[in-house]
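Structure, as structure tokens:
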Amino acid sequence: KAQNRESLIFNILNYYTRPQLLTIFRFMGSFLLGIFANFNLSQWNERLKLAIQMMSEFKVSAVFMFLANYFNVVALDRLGISLTYTSKCGIPILTVLISLLVEGLEAMPSIITLLTLIQIATGIAMASWNSPTFELAGFLAAVISATAQASLNVFSKRALSKTKICGLQAQTTMAALAFCFAIVTTSLRVPKFGFKQWGGKSKEKKVVIKNESTALSSKNIPPLYLSLGAVAAYHVEYCLSFLFLSLVKPISYGTCDAVRRLGIIMTGRNFFGGEAFSRLNYTGIGIALIGALGFSISSCKP
């Protein structure tokens, strides 16, 4: 039985790419946490019923959530943190454009406020630039993720305003839908375009591993605590994000989210190593923070 279980896990890891597995695991885990991680555990069925009822209102947002998360993982897998967030620094500007298309001119901030968004995007690009190696597929994945994230900001705000539900319930509903989307799309056997497997890069797939136990104990497979931590962090992040989004406009949220990426860039450099921050990086951090301050001041109503 142990051998059969190891063989099954090994086959699953070879069937799916890392982005596919991580996307499925995060959405499934977030949905389960939203339903069962509650002091009122006996009311789990009520939370499930509410999530099902709200699915029709959040179906569009869930599509964008799936696209944003999946292609973000693809970009990180192929490019790393540096170039991924250099490519995604335009989320505040994309949020403005999508808000203009969906909400009209009344959703637009002042010209000065719009200029601060350009400053923030420029600063983030400078802060994350670290002589990255350009790769077309990864870059396109980052651009798709950024566009989907900006669309998620706008459409989830509309759904939150209409339904008046909390951020936790919104995340639970969208995670359930996005999980279904992930299962369907990965079952279609979409070409993997050389995306990395858990066992290594695509060029290494010719090596036949006869011992699944040895393969499963490889360092390429993350430990269980790390996988669970990733799911918990994702769940908490998005619950708080939708809670905050319900209180502000999508453009304000997108701007704050962009500044948050500065923290990701600096934390990622600390965790995963790499060259020390250059003067260009530090200058970019300063420009982005000053731009965020300018956005806050210019967007305040007298």
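FYI, the numbering for the sequence shown is 2 to 303, going by this note's numbering.
Ideal placement from N, C-alpha and C gives every residue a C-beta, glycine not left out.
With a cutoff of 8 Å on beta-carbon distance, Met56 and Thr174 are scored as near each other. The segment 86 to 93 makes contact with the segment 144 to 159, as at least three CB pairs between them are under 8 Å. Distance check between Ala122 and each of Gln172, Ser279 and Cys257 places Cys257 closest, using alpha-carbon atoms only.
Exclusion of the five residues before and after Met66 leaves Leu153, Met175 and Ala179 as the residues of its chain whose Cβ lies within less than 7 Å of its Cβ.
Boundaries of the alpha helix (DSSP H) harbouring Trp45: Trp45 to Leu80, taken from the DSSP string.
Judged by DSSP in its simplified three-state form, Phe278 adopts coil rather than helix or strand. The Cβ-Cβ distance between Phe37 and Ala177 does not fall below 8 Å. Taking the C-beta atoms as reference points, Pro110 is found no nearer than 8 Å to Ile291. In the DSSP assignment, Tyr254 falls within the unbroken alpha helix (DSSP H) covering Pro251 to Phe273. Considering only Arg19, Leu118 and Val237, the residue with the shortest C-alpha distance to Asn73 is Arg19. The closest CA to that of Ser299, considering only Leu118, Leu34, Thr96 and Phe28, is found on Leu118. A contact between stretches requires three or more CB pairs, one per stretch, nearer than 8 Å, and the segment 139 to 146 meets this requirement with the segment 68 to 82.
Burial check for Asn46: the Cβ neighbour count within 10 Å stays below 16, so the residue is exposed.
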